[in-house]
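Everything on this sheet refers to the single structure shown next.
Numbering (this note's numbering), first residue to last: 202 to 558.
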């Protein structure tokens, strides 16, 4: 009897996966990590920050295991922050070096920081340790994992462009992105993940706009999207305007991006507060849009407050839910709290939207 039990469990799980694969992406929900690349703070830097700004230190005192480990655990949504560094060396000597108890970068990472190209870190000079300092390195990691796990559930990767520094210290001023930089960013994504992207061009139906396509036809099934990465640009109003410049309805773009529903580029929305904007999210979901929201956004919150926000995120119908508390994260043990669906799943059918069908 004991020997048969694992097979019985596998059959149930296989049926669960099969049913999900046949469903449109927007009728599912997935949980992913917030700032997925981020390592935990160096002990010495943490102590210094606690002296200078306990509030800032508490806000950024989290981290994650490697991206490969996260994907292997079932995470299907990742977030990456990108900084412009066309000549290299811009971020190689951070302020935090002075207070670090162990080296912030190994020799390979120093060589990577000296290389021209987009870099990945949370806060320049302060919170700089990343599982992949080169954006191209992050993408290569995704490609390698995808090739080792063909036909995987589609992965949503949200991208932020960093153009500001902390006011706590006088450190390196990040460079502003131009329309040319956004084209270059798209090019890096396309070249790093050939045949592995699902882009606005793949969704849009001629002669409709991206927005019209989503409202009329919805999203493909996860089976049709198997093995694909979907990139989502999380820009402010100015950044989003630059990103779509000369690209109506995001023609030729590598990424979807957040735009209001009255714009032809609207397809994938970012609404961070599921408590305040609960009904807004529900209305967007019912119209056919994909929505990303957050299960938590404050490490100083209580577990009951976190639970309240996670419940709001789930019940809002938002399809992509970001958290600092994925299973196995350092935060899970530290706060005795984890974000997951029933029975430990990180992907499930979307109760809100499926109840409307």
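Glycine included, every Cβ here is placed at the ideal spot set by N, Cα and C.
Model, not experiment: these values are computed from the prediction.
Per-residue burial, residue 235 [other beta carbons within 10 Å of its own, 16 or more giving buried] | By one-based count along the chain shown, residue 235 stands at place 34. With 16 or more other Cβ atoms inside 10 Å of its own Cβ, residue 235 counts as buried.
Residue 560 - DSSP class collapsed to helix/strand/coil = In the structure as shown, the chain begins at 202 and stops at 558. Residue 560 is therefore absent and cannot be evaluated.
Pick helix, strand or coil for residue 417, following the three-state DSSP scheme.
-> Position 216 of the chain shown, counted from the start, is the residue given in the question as residue 417. Three-state DSSP puts residue 417 in a helix.
Cβ atoms of residue 454 and residue 448: under 8 Å apart, would you say?
-> The count along the chain shown starts at 1 and reaches residue 448 at position 247. The count along the chain shown starts at 1 and reaches residue 454 at position 253. Cβ distance < 8 Å, so residue 448 and residue 454 count as in contact.
Determine the DSSP secondary structure at residue 533, reduced to helix, strand or coil.
-> The residue you call residue 533 lines up with position 332 of the chain shown. Three-state result, residue 533: helix.
Contacting residues, own chain, Cβ-Cβ under 7 Å from residue 260 (five flanking each side not counted) = Taking the first residue of the chain shown as position 1, residue 260 is located at position 59. Short of 7 Å from the beta carbon of residue 260, and not among the five residues preceding or following it, lie these beta carbons of its own chain, in chain order: 500.
Does the Cβ of residue 505 have 16 or more other Cβ atoms within 10 Å, making it buried, or fewer, making it exposed?
-> Here residue 505 refers to the residue found at position 304 when the chain shown is read from its first residue. A residue is called buried when at least 16 other Cβ atoms come within 10 angstroms of its Cβ; residue 505 does not meet this threshold and is exposed.
Give the range of the alpha helix (DSSP H) segment to which residue 244 is assigned.
-> Here the question's residue 244 lines up with position 43 in the chain shown. Residue 244 -> alpha helix (DSSP H) spans 244-253.
Who are residue 431's beta bridge partners in DSSP?
-> Position 230 of the chain shown, counted from the start, is the residue given in the question as residue 431. The beta-bridge partner set that DSSP reports for residue 431 consists of 357.
Using a threshold of 8 Å, state whether the C-beta atoms of residue 495 and residue 514 are closer than that.
-> The residue labelled residue 495 in the question sits at position 294 within the chain shown. The residue labelled residue 514 in the question sits at position 313 within the chain shown. Remark: C-beta atoms of residue 495 and residue 514 approach each other more closely than 8 Å.
Report the rounded CA-to-CA distance for residue 528 versus residue 541, giving the unit in angstroms.
-> Along the chain shown, one-based indexing puts residue 528 at 327. Along the chain shown, one-based indexing puts residue 541 at 340. As the crow flies, the alpha-carbon of residue 528 is around 7 Å from that of residue 541.
Sub-8 Å separation of residue 429 and residue 325 beta-carbons | To locate residue 429, count along the chain shown from 1; it is residue 228. To locate residue 325, count along the chain shown from 1; it is residue 124. The Cβ atoms of residue 429 and residue 325 do not sit closer than 8 Å to each other.
Mind checking which residues open and close the alpha helix (DSSP H) that includes residue 231?
-> As a first step, residue 231 is located in the chain shown; it is residue number 30 there, counting from the start. Residue 231: not part of any alpha helix (DSSP H); member of the beta strand (DSSP E) spanning 229-234, first to last residue.
Quick one: what's residue 362 bridged to in DSSP?
-> The residue you call residue 362 lines up with position 161 of the chain shown. Note: residue 362 sits in a beta bridge opposite 283.
Assigned secondary structure, residue 422 (DSSP; H/G/I helix, E/B strand, else coil) | Stepping through the chain shown from its first residue, residue 422 is reached at position 221. Three-state result, residue 422: strand.
Within 10 angstroms of its Cβ, does residue 303 collect 16 or more other Cβ (buried), or is it exposed?
-> Sequence index remark: in the chain shown, residue 303 carries index 102 (1-based). Exposed, by the Cβ-count rule.
Three-state class that DSSP yields for residue 404 in the structure shown | As a first step, residue 404 is located in the chain shown; it is residue number 203 there, counting from the start. Residue 404: helix per DSSP, three-state reduction.
First and last residue of the uninterrupted alpha helix (DSSP H) at residue 274 = Position 73 of the chain shown holds residue 274. The continuous alpha helix (DSSP H) containing residue 274 extends over residues 268-274.
State the DSSP-derived secondary structure class of residue 457, mapped to helix, strand or coil.
-> What you label residue 457 is simply residue 256 of the chain shown in a count that begins at 1. Secondary structure at residue 457: strand, using DSSP grouped into helix, strand and coil.
Pairwise C-alpha distance: residue 432 and residue 257 = For the purposes of this step, residue 257 is taken as the residue at position 56 of the chain shown. For the purposes of this step, residue 432 is taken as the residue at position 231 of the chain shown. Rounded to the nearest angstrom, the two C-alpha atoms are 29 Å apart.
Could you check the C-alpha separation between residue 207 and residue 544 for me, to the nearest Å?
-> Indexing the chain shown from 1 puts residue 207 at position 6. Indexing the chain shown from 1 puts residue 544 at position 343. Because residue 207 sits at a pLDDT of 34, beneath the cut-off of 50, its placement in the model cannot be relied upon, and the following sentence gives the value as read from the coordinates. Straight-line Cα distance between these residues: approximately 16 Å.
Counting Cβ pairs closer than 8 Å, one from the region 374-382 and one from the region 403-418, do we hit at least three?
-> Flag = no, the region 374-382 and the region 403-418 do not touch.
Can you give the Cα-Cα distance for residue 480 and residue 310, rounded to whole angstroms?
-> For the purposes of this step, residue 480 is identified with residue 279 of the chain shown, where counting begins at 1. For the purposes of this step, residue 310 is identified with residue 109 of the chain shown, where counting begins at 1. For residue 480 and residue 310, the distance between alpha carbons rounds to 45 Å.
Specify, as a first and last residue, the run of the alpha helix (DSSP H) that residue 390 falls within.
-> By one-based count along the chain shown, residue 390 stands at place 189. Boundaries of the alpha helix (DSSP H) harbouring residue 390: 380-393, taken from the DSSP string.
Output the distance between the C-alpha atoms of residue 451 and residue 463, rounded to the nearest integer angstrom.
-> Translated into positions along the chain shown, residue 451 becomes position 250. Translated into positions along the chain shown, residue 463 becomes position 262. The alpha-carbon of residue 451 is positioned some 15 Å away from that of residue 463.
Return the CA-CA distance between residue 268 and residue 389, expressed in angstroms with no decimal places.
-> For the purposes of this step, residue 268 is taken as the residue at position 67 of the chain shown. For the purposes of this step, residue 389 is taken as the residue at position 188 of the chain shown. Spanning the two alpha carbons is a distance of roughly 19 Å.
Return the chain-ordered list of same chain residues with a C-beta closer than 8 Å to the C-beta of residue 526, the five sequence neighbours on each side being excluded.
-> For the purposes of this step, residue 526 is taken as the residue at position 325 of the chain shown. Cβ neighbours of residue 526 beyond the five flanking positions: 496, 497, 507, 532, 533, 536, 538, 539, 540.
Between the C-alpha atoms of residue 407 and residue 227, what's the straight-line distance to the nearest angstrom?
-> Position 206 of the chain shown, counted from the first residue, corresponds to residue 407. Position 26 of the chain shown, counted from the first residue, corresponds to residue 227. For residue 407 and residue 227, the distance between alpha carbons rounds to 21 Å.
N-terminal and C-terminal residue of the alpha helix (DSSP H) that residue 507 is part of | Within the chain shown, residue 507 is the residue found at index 306, counting from 1. Looking at the DSSP string, the run of the alpha helix (DSSP H) that includes residue 507 is 504-517.
Residue(s) in a DSSP beta bridge with residue 329 = Along the chain shown, one-based indexing puts residue 329 at 128. Per DSSP, residue 329 has no beta bridge partner at all.
Rounded C-alpha distance that separates residue 399 from residue 300 | Along the chain shown, read from residue 1 onward, the residue named residue 399 stands at position 198. Along the chain shown, read from residue 1 onward, the residue named residue 300 stands at position 99. C-alpha separation (whole angstroms): 43 Å.
Closer than 8 Å by C-beta to residue 511: which residues in its own chain qualify, once you throw out the five before and the five after it? Chain order, please.
-> To locate residue 511, count along the chain shown from 1; it is residue 310. If we look at residue 511 and ignore the five residues flanking it on each side, its Cβ neighbours are 496, 497, 522, 524, 540.
Alpha carbon to alpha carbon, how far is residue 296 from residue 251?
-> Mapped onto the chain shown, residue 296 falls at position 95. Mapped onto the chain shown, residue 251 falls at position 50. Going by the C-alpha atoms only, they are around 15 Å apart.
Is residue 239 helix, strand or coil by DSSP?
-> Position 38 of the chain shown, counted from the first residue, corresponds to residue 239. Here DSSP, grouped into helix, strand and coil, assigns residue 239 to strand.
Other residues of its chain near residue 350: CB distance less than 8 Å, five sequence neighbours each side excluded | Your numbering for residue 350 matches position 149 in the chain shown. Contacts found: 272.
Can you give me the start and stop residues for the beta strand (DSSP E) that residue 526 sits inside?
-> For the purposes of this step, residue 526 is taken as the residue at position 325 of the chain shown. For residue 526, there is no enclosing beta strand (DSSP E), as DSSP marks it with neither H nor E.
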